[in-house]
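In my numbering, each number is its position in the sequence shown, counted from 1, plus 516. The beta carbon of each residue, even a glycine, is placed where N, CA and C say it ideally should be.
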Amino acid sequence: MNNQAWADILIDELVRLGACGFVVSPGSRSTPLALAIARHPDARQALHFDERGAAFLALGWAKAAGRPAVLVCTSGSAAANYWPAVVEASSGRTPLVILTADRPPELQHCGANQTIDQDRLYGGFARASFTLPCAGNNCPVDALRGTLDQVFQQAVHPPAGPVHVNCMFREPLDLGNEMPPYHFAETGSPVAEPHTHWVLPKLDISEAGQHWLLNRLHEVHRGLLLVGELRNPAERDAVRELAAALRWPVFPDIASGLHIGSAAPVVVHFDALLLSQKYLDRFNPDFILHVGGNFVSKRLLERVSTRSCTVVQVCPHPMDLDPGRAVERRFEGDIDAFCRWMTPLAKHLTPLEWPLPFEALNTALGVEIDAWCAERNGPTEIGVARAVSRLAPAEATLFLANSMPVRDADMYAAQSGPGAWVEVNRGASGIDGNIATAAGLALGSERPVVAVVGDMAALHDLNSLVLLRNLATPFVLVVVNNDGGGIFSFLPISAHREFVESHFAVPHGLGFSHAAQMFGLPHHAPTSARELGEVFASALKHPGATVIEVHSQRDRNVADHQDLKGRLIAACDRVLDS
């Protein structure tokens, strides 16, 4: 069997398994794989010359589709450029299949050009690693297909994550003028099914676990429901029904699907409430049920870890999500199944008697944030977070980059927004690959995307602006430019200003208008909240990407946050004193 037939079968099996798309970076050694993808009639594909951006593009694509995306690159350092996205996919439980082309065994460890040791290249960050033999080594077709089926299963089995398949090819890498018609397998006509079906288990809580939880719930007086990151609307809807049945206060993370646009009585400004000492004196839950992933709010996690109450966590995977070591019982199970089991039972629990008026507090803080934003002459970083939560339409995906954008949205986003689905890269929380991830979300969802990134994150991923040029759906990239690493102004190092500027914030003095022009993208720099809303609405009316750059000053931003936090504490205390 020649290289091309081998690659054709490999790619065809991944298509049959349900890979959502293929992201290819050009290279010579990967020629058979690239040709197999190009010729397969059912393989959705995207190309990117920058392997680091390509990997994050695949990450976003897989997030949106809920199925593995496939990465393809040549040998050598190209594969090493996948590392940051592999780390994020592993920590963030996002399924990826990585196909790295490689030199054959006889060219390993002998100084051959563009050759490194690629066996188990990604170490413990890959859920599984395989090195396939070269084509023509009498490997049965069923063995190749069966190996790919196993690889795919390990990518999607909880905890989902990246798997690595190293593909060795001898020259010649293509058949020149003798390229045969595309075939799916040596045995003849194509079939839609993979060689081996892996049936994944449905994780349910044991009877003993159910018995313990029900007994404990009947003893609860001050219950609190924490809703962390959820992965799909089915989980969101199931948790929403559970919350309505429980009638407990609900603290939703920005990535829960219950923060923006939620009609449920949730406390979206819980992080601001935790600033008030009067509130903390009366915040004494005796039972906390944490459903879903972790929280952006470090303040909440710290408060939970210092409270002497029962903390129960429900997650659909075995990874530990308890940095404060506060969890007493942890149930591994499907979130929607858990909620469907618990919701009818929760309706019969005794109503709680919390000494805190959560709804009034949440409303008062929302009014205070709106009043503060209205008083500002130009757009602020807080105002951008508030405005975008209301401007992003319900049918859109809202991607919030790491560092300040996701933190500001978690604390200041409006509950009254249309309800765009929120996506984040909080596995390793890096600022690399954020633009590419958002582009992948657009490919995977085929819906409008709004991405909010800081200037440093945008500079990290500037090459990925090329991915935005030919999108078929509206894409709004909001770049908040405060000329450096603004988050360091909020950290303890900020007390040493001379070091902050030279070694942490690192001001660059750059704008993004020329970068947008170079990549053929429209650029706007609104100077008022009204103008921001106008250009935002205009950008959503047509396919393709628009860059909206909002300028800010780091010192002013710190003062803004301090000022508003003081006002929020006062507003909270007024409600508690009334």
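Reference residue i; option with closest CA among the options
i: His1067; options: Glu897, Gln624 and His806; result: Glu897
i: Ala605; options: Leu1092, Ala1031 and Asn941; result: Asn941
i: Ala910; options: Pro934, Ala788 and Glu875; result: Pro934
i: Ser792; options: Leu774, Trp857, Leu742 and Leu881; result: Leu881
i: Gly849; options: Thr859, Pro834, Lys863 and Ala862; result: Pro834
i: Glu735; options: His864, Thr712 and Gly894; result: His864
i: Ala929; options: Glu687, Leu975 and Ala903; result: Ala903
i: Ala581; options: Val938, Cys536 and Val992; result: Cys536
i: Pro781; options: Leu817, Leu877 and Val715; result: Leu877
i: Ser544; options: Gly534, Gly809, Asn519 and Arg555; result: Asn519
i: Ala642; options: Gly956, Phe668 and Leu730; result: Phe668
i: Val1097; options: Leu623, Leu612, Glu687 and Ala955; result: The question about residue 1097 has no answer, for the chain in this structure spans 517 to 1094.
i: Asp1079; options: Gln931, Ile885, Val715 and Val994; result: Ile885
i: Leu742; options: Gly809, His976 and Ser722; result: Gly809
CA-to-CA distance, residue j to residue i, given in whole angstroms
i: Thr822; j: Leu758; result: 26 Å
i: Ala659; j: Glu529; result: 12 Å
i: Gly608; j: Asp1093; result: 42 Å
i: Asp1076; j: Phe572; result: 33 Å
i: Ser546; j: Asn682; result: 11 Å
i: Gly704; j: Ile525; result: A caution first: Gly704 carries a pLDDT of 44, below 50, which makes its placement in the model too unreliable to give a value.
i: Asn597; j: Thr590; result: 11 Å
i: Ala1041; j: Leu575; result: 29 Å
i: Ser980; j: Pro871; result: 51 Å
i: Arg1072; j: Phe1006; result: 12 Å
i: Val827; j: Ala628; result: 56 Å
i: Arg738; j: Glu875; result: 15 Å
i: Gly744; j: Ala676; result: 18 Å
i: Leu746; j: Met517; result: 45 Å
i: Ala944; j: Pro860; result: 37 Å
i: Val969; j: Leu993; result: 8 Å
7 Å Cβ shell around residue i - same chain, five flanking residues per side excluded
i: Cys825; result: Pro801, Asp802, Phe803 and Ile804
i: Arg477; result: Outside the displayed span of the chain (517 to 1094) sits residue 477, for which this structure offers no information.
i: Ala595; result: Cys589, Thr616, Gln634 and Leu637
i: Phe565; result: Ser541 and Pro542
i: Ser813; result: Asp787 and Asp926
i: Ala1031; result: Leu978 and Leu981
i: Lys718; result: Asp850 and Ala853
Residue i, enclosing alpha helix (DSSP H) - first and last residue
i: Glu618; result: Residue identity check: residue 618 is Asp in the sequence provided, not Glu. Segment Leu612 to Asp618 is the beta strand (DSSP E) holding Asp618; no alpha helix (DSSP H) there.
i: Ser1029; result: Ser1029 to Met1034
i: Val603; result: Trp599 to Gly608
i: Ser593; result: Ser593 to Ala596
i: Val883; result: Phe874 to Ala890
i: Gln669; result: Val657 to Val672
i: Trp857; result: Ile851 to Ala862
i: His1077; result: Arg1070 to Asp1093
i: Glu567; result: Glu567 to Ala581
i: Gly630; result: Note that residue 630 is Gln in the sequence shown here, rather than Gly. Looking at the DSSP string, Gln630 is not in any alpha helix (DSSP H), and its letter there is neither H nor E.
i: Met927; result: Met920 to Tyr928
i: Trp714; result: Note, Trp714: premise wrong, no alpha helix (DSSP H); not H, not E.
i: Met972; result: Asp971 to His976
i: Phe786; result: Phe786 to Leu789
Residues near residue i by beta carbon distance below 8 Å, same chain, minus five either side
i: Phe1015; result: Ile1009
i: Leu796; result: Leu790 and Arg819
i: Phe1035; result: Leu981, Val982, Leu984 and Arg985
N-terminal and C-terminal residue of the beta strand (DSSP E) that residue i is part of
i: Thr647; result: Ala644 to Leu648
i: Glu1047; result: First-last for Glu1047: Ala1045 to Ala1055, but that is the alpha helix (DSSP H), not the beta strand (DSSP E).
i: Gln829; result: Thr826 to Cys831
i: Phe915; result: Thr913 to Leu916
i: Phe641; result: Taken as a continuous stretch (DSSP letters only), Phe641 belongs to no beta strand (DSSP E), as it is neither H nor E.
i: Arg545; result: From DSSP, Arg545 is part of no beta strand (DSSP E); its letter is neither H nor E.
i: Pro990; result: Pro990 to Asn997
i: Ile1064; result: Gly1060 to His1067
i: His737; result: It is not in any beta strand (DSSP E) - His737 carries neither H nor E in the DSSP assignment.
i: Ile804; result: Phe803 to Val807
Nonlocal neighbours in the same chain, by C-beta distance under 6 Å from residue i, ignoring five residues either side
i: Phe538; result: Ile553, Ala559, Gln561 and Val586
i: Thr475; result: Since the first and last residues shown for the chain are 517 and 1094, residue 475 lies out of range.
i: Met684; result: Asp618, Pro620 and Cys650
i: Ala523; result: Pro548, Leu549 and Ala552
i: Ile776; result: Ser905, Ala929, Gly933 and Gly935
i: Glu1017; result: none
is_contact[residue i, chain C] using C-beta, thresh 8 Å
i: Ala1011; result: As a matter of chain content, chain C is missing from the structure shown, which is built from one protein chain.
Count the C-beta pairs between the stretch 983-1001 and the stretch 1050-1067 that are closer than 8 Å, then say yes if the count reaches three, no if not. yes
Three or more C-beta pairs closer than 8 Å, one from the stretch 1018-1026 and one from the stretch 1080-1093: is that the case here? no
Given 8 Å as the limit, is there contact between the stretch 915-932 and the stretch 751-767, that is, 3 or more CB pairs closer than that? no
Are the stretch 841-848 and the stretch 1037-1056 touching, with three or more C-beta to C-beta distances below 8 Å? no
Kindly confirm or deny that the stretch 747-754 and the stretch 714-730 touch, where touching means at least three C-beta pairs closer than 8 Å. no
Three or more C-beta pairs under 8 Å: does that hold for the stretch 1036-1052 against the stretch 851-868? no
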